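Order-wise, the sequence lines are chains A and B. Start counting at 1 in the first sequence, then tack on 240, and there's your number in the numbering used here. Start counting at 1 in the second sequence, then tack on 426, and there's your number in the numbering used here.
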Amino acid sequence: AQSVTQLGSHVSVSEGTPVLLRCNYSSSYSPSLFWYVQHPNKGLQLLLKYTSAATLVKGINGFEAEFKKSETSFHLTKPSAHMSDAAEYFCVVRGGNEKLTFGTGTRLTIIP
Amino acid sequence: EPEVTQTPSHQVTQMGQEVILRCVPISNHLYFYWYRQILGQKVEFLVSFYNNEISEKSEIFDDQFSVERPDGSNFTLKIRSTKLEDSAMYFCASSGEFNQPQHFGDGTRLSIL
């Protein structure tokens with residue numbers, strides 16, 4: 241069994257300040273972890289993935305995430321927020337099978 | 427960059443009618459998936475499909491649902507005798523190999539009246 245908890249359904253940051261979106265997971269298997277982003281009326285775009293290689297993962301648009309097994313966390317960060325980062329972000333886990341298990345999502349708002 | 431495409435973008439159907447949602451996965455991908463997102467809720471896995479058969483399905487995917495790959499490019503989700511609670515955004519996804527990331531389409535918004 242696997243599950244994902246995203247802490248904070250809404251996060252607001254000012255443009256130019258750091259972004260931190262929190263994610264904790266549980267999995268009976270060595271997990272693969274992903275962050276997807278969904279802009280309004282669009283599909284789910286892959287931001288980055290962790291699949292048991294380097295624990296610090298770099299993605300698109302300046303986003304990074306660090307896999308911490310001891311904390312069962314996979315938090316998403318970006319040093320400096322841009323207005324175009326406003327979207328819904330989903331932390332996703334895949335365990336020993338094919339299906340993806342999604343978190344409830346975090347809506348990121350950027351304050352000008 | 428190759429994309430997963432879904433049609434239509436919005437489907438409105440009367441309760442009790444059958445609906446077919448269509449997807450064209452990325453051309454060299456072998457694994458295909460359907461997910462749904464009811465308004466205000468999580469994205470939920472429905473079914474995975476590989477080598478012309480269902481490889482895994484969730485408890486949501488009951489006899490009302492079926493999937494098919496009718497030709498070399500399309501992947502369809504059929505919902506028979508639709509119910510109000512089937513209203514949701516349905517996402518198709520595909521991946522090249524089992525352990526590769528899944529790439530999603532823009533979704534079909536299904537509204538049951």
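Note that the Cβ used here is the ideal one computed from N, Cα and C, for glycine as well. As the structure is a prediction and not an experimental result, all values here were calculated from the model.
Q: Give every residue of the same chain whose Cβ lies closer than 8 Å to the Cβ of T543(B), excluding the five residues on either side of it in the sequence, and list them in chain order.
A: Past the edges of chain B, shown from 427 to 539, lies residue 543(B), and the structure says nothing about it.
Q. Where R262(A) and Y276(A) are concerned, what is the direct C-alpha to C-alpha distance, given to the nearest angstrom?
A. As a first step, residue 262(A) is located in the first sequence; it is residue number 22 there, counting from the start. As a first step, residue 276(A) is located in the first sequence; it is residue number 36 there, counting from the start. Roughly 13 Å between the two C-alpha positions.
Q.
I need the straight-line Cα distance from F274(A) to Y265(A), nearest angstrom please.
A. For this step, residue 274(A) is matched to residue 34 along the first sequence. For this step, residue 265(A) is matched to residue 25 along the first sequence. Between F274(A) and Y265(A), the C-alpha separation is close to 11 Å.
Q: Could you list the residues in the segment 520 to 531 of chain B with a C-beta less than 8 Å from some C-beta on chain A, going in chain order?
A: F524, N525, P527, Q528, H529, F530 and G531
(Q) When you compare the CB of E485(B) with every CB in chain A, is at least one pair closer than 8 Å? (A) Reading the second sequence from its first residue, position 59 is the one you call residue 485(B). No, E485(B) does not count as interfacial toward chain A.
Q: Over the uninterrupted beta strand (DSSP E) stretch that includes L327(A), give me the two end residues.
A: Within the first sequence, numbered from 1, the residue matching residue 327(A) stands at position 87. The sequence shown places Ala at residue 327(A), rather than the Leu named in the question. Element bounds for A327(A): A327 to R334.
Q: Please name the residue, chosen from G336(A), N337(A) and Y329(A), that lies closest to L287(A) on a Cα-to-Cα basis.
A: The residue you call residue 287(A) lines up with position 47 of the first sequence. When only C-alpha atoms are compared, the closest one is Y329(A).
Q. Is there at least one Cβ from chain B nearer than 8 Å to E328(A)'s Cβ?
A. Taking the first residue of the first sequence as 1, we reach residue 328(A) at position 88. By this cut-off, E328(A) is not an interface position.
Q | Interface positions of the segment 331 to 342 of chain A facing chain B (Cβ-Cβ less than 9 Å), listed along the chain | A | V332, R334, N337, E338, K339, L340, T341 and F342
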